[in-house]
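Under this note's numbering, residue 403 is the last one in the sequence shown; the count climbs by one each step, no gaps.
Positions of the beta carbon are idealized from the N, C-alpha and C atoms, including for glycine.
Because the structure is a prediction, the values reported are computed rather than measured.
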Amino acid sequence: MNKNSVPSPMMPNNSARRSCSSSPPPSRATTPPSRSHDVTPRLGYIRGMQADYAVQYQSLWQRHWWWRARERFVAKRLATLAAQRPLHNILDVGCGNGLFFDHLLQYGNVTGIEPDARLITAGPHRQRILNQPFNASYQPPQPLDLVLMLDVLEHIEDDLAAATHVKRILAPGGYFLLTVPALMSLWSVHDVANDHYRRYSKNHLRTVLERAGLRVLTCHYYYFWAAAPLFARRLLAPAPKAAPAHYHVSIPPAPINGLFYAITRLEQAVFSAFPPPLGSSLFAIATKEG
């Protein structure tokens, strides 16, 4: 279920993923609205996405400016990691249909975990994908050099247990690379429809990783420019308490889609040395010392 979570500022309101002792409970001010029902079954540690969204996920990954820009952002940072340490054994948690595998395979052997069978179809990477939960019962045949969770941790009720298990299966010096949606002030229908448990502040995410016994190498916001329009949308259309019966994410018309992609890539270049003070998403890399 690869992984993403922040809707475009152009997405209409009625236009992901993933449950693993636990991080500090959020305060009343930051607790997501309660759900009257789950729109999808629990899938091990990971709670699945709303059905309509699952159907269109691969198209969004391949065409939507937000997913495409995130892919380039993560790819650049992976190249930096690979230059520092070989990434022979890689696990992509919430991998969907192996949508990022073509890029990962240049570094080493790749395995994916996708608890939601709706997201897995016959394809070139099917044999690499395990349709099973990510929990303490999962043990790789050998320690891992890299674990990815791209917009997955917010779907996990016990995020500390999930991060602790990541540390357990990493090789000494191995990396945990993840992205998550940021700032509870941006909580929206997108979070409700996709069964997110939370959005993160930088301090909250860093605390989870450190309590899991990992050393945080970097933790910073990105999608700086998107935060303001998303906050405006939150004010104009507060998130419902229950998930909508149908949820669809619109891909903007080509000129707008291309413009937003270009703006985001420009932002990534501008903030490459000095990350922005806030944003609608968070990016982190942590390592297992030893």
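Check your understanding: Regarding Thr-277 and the ligand NAP, is the C-beta to nearest heavy atom distance less than 6 Å?
Key -> The ligand NAP is not part of this structure, which contains no ligands at all.
Does Asn-202 pass the burial test, meaning 16 or more other C-beta atoms within 10 Å, or should it be called exposed? Along the sequence shown, one-based indexing puts residue 202 at 89. Around the beta carbon of Asn-202, 16 or more other beta carbons lie within 10 angstroms, which makes this residue buried.
Next on the checklist: Am I right that Tyr-334 and Pro-389 are in contact with their C-beta atoms under 8 Å? What's the rounded C-beta distance?
Outcome noted: Residue 334 sits at position 221 when you count from the first residue of the sequence shown. Residue 389 sits at position 276 when you count from the first residue of the sequence shown. Cβ atoms of Tyr-334 and Pro-389 come within 8 Å of each other, at about 5 Å.
* Return the residue from the list Leu-218, Arg-190, Met-262 that minimises the CA-CA distance to Val-206. => Indexing the sequence shown from 1 puts residue 206 at position 93. Of Leu-218, Arg-190, Met-262, the residue nearest in Cα terms is Met-262.
For this session: Mark Lys-401 as exposed unless 16 or more other C-beta atoms lie within 10 angstroms of its C-beta, in which case mark it buried.
Result: Indexing the sequence shown from 1 puts residue 401 at position 288. Buried.
Minimum C-alpha distance to Thr-331 - residue among Leu-318, Ile-242, Ala-325 = As a position in the sequence shown, residue 331 is number 218, starting the count at 1. Checking every option, the nearest Cα to that of Thr-331 belongs to Leu-318.
- request: Pick helix, strand or coil for Leu-349, following the three-state DSSP scheme.
  value: Looking up residue 349 in the sequence shown gives position 236. In this structure, Leu-349 counts as helix in the three-state DSSP scheme.
Checking 7 Å against the spacing of the C-beta atoms, do Ile-398 and Tyr-288 come in under that value?
By 1-based counting over the sequence shown, the position of residue 398 is 285. By 1-based counting over the sequence shown, the position of residue 288 is 175. In contact: Ile-398 and Tyr-288 (Cβ atoms closer than 7 Å).
>> When you compare the CB positions of Thr-377 and Ala-182, do they come within less than 7 Å of one another, or not?
In response: What you label residue 377 is simply residue 264 of the sequence shown in a count that begins at 1. What you label residue 182 is simply residue 69 of the sequence shown in a count that begins at 1. Cβ distance < 7 Å, so Thr-377 and Ala-182 count as in contact.
Is the beta carbon of Gly-392 less than 7 Å from the beta carbon of Ala-295? The sequence position of residue 392 within the sequence shown is 279, counting from 1. The sequence position of residue 295 within the sequence shown is 182, counting from 1. Closer than 7 Å, so yes.
Distance, Pro-285 Cα to Leu-257 Cα
Counting from 1 along the sequence shown, the entry for residue 257 is found at position 144. Counting from 1 along the sequence shown, the entry for residue 285 is found at position 172. Rounded to whole angstroms, Leu-257 to Pro-285 spans 9 Å at the Cα level.
*First through last residue of the alpha helix (DSSP H) which encompasses Phe-214*: Residue 214 sits at position 101 when you count from the first residue of the sequence shown. Segment 214–217, the alpha helix (DSSP H) holding Phe-214.
| Is DSSP giving His-309 helix, strand or coil here? | In the sequence shown, residue 309 corresponds to position 196, counting from 1. In this structure, His-309 counts as coil in the three-state DSSP scheme.
Residues in its own chain within less than 7 Å of Arg-185 by CB, not counting five upstream and five downstream?
On the sequence shown, position 72 is the one that residue 185 refers to. Once the five neighbours on either side are set aside, the close Cβ partners of Arg-185 are Arg-378.
Which residue from Ala-341, Val-293, Lys-354 puts its Cα closest to that of Val-305?
-> Locating residue 305 in the sequence shown gives position 192, counting from the first residue. The shortest C-alpha separation from Val-305 is found at Lys-354.
If I follow the unbroken beta strand (DSSP E) through Val-293, where does it start and stop? Locating residue 293 in the sequence shown gives position 180, where the first residue counts as 1. 283–294 is the extent of the beta strand (DSSP E) around Val-293.
* Would you list the residues sitting across from Tyr-334 in a DSSP beta bridge? => Residue 334 sits at position 221 when you count from the first residue of the sequence shown. According to DSSP, which records beta bridges pairwise, Tyr-334 is partnered with Leu-395.
*Taking C-alpha atoms, which residue in Tyr-310, Ser-298, Asp-308 lies nearest to Ala-350?*
Position 237 of the sequence shown, counted from the first residue, corresponds to residue 350. Minimum Cα distance to Ala-350 is reached at Ser-298.
| said: Measuring straight from C-alpha to C-alpha, what distance separates Trp-338 and Phe-373? | reply: Working through the sequence shown from its first residue, we reach residue 338 at position 225. Working through the sequence shown from its first residue, we reach residue 373 at position 260. C-alpha separation (whole angstroms): 10 Å.
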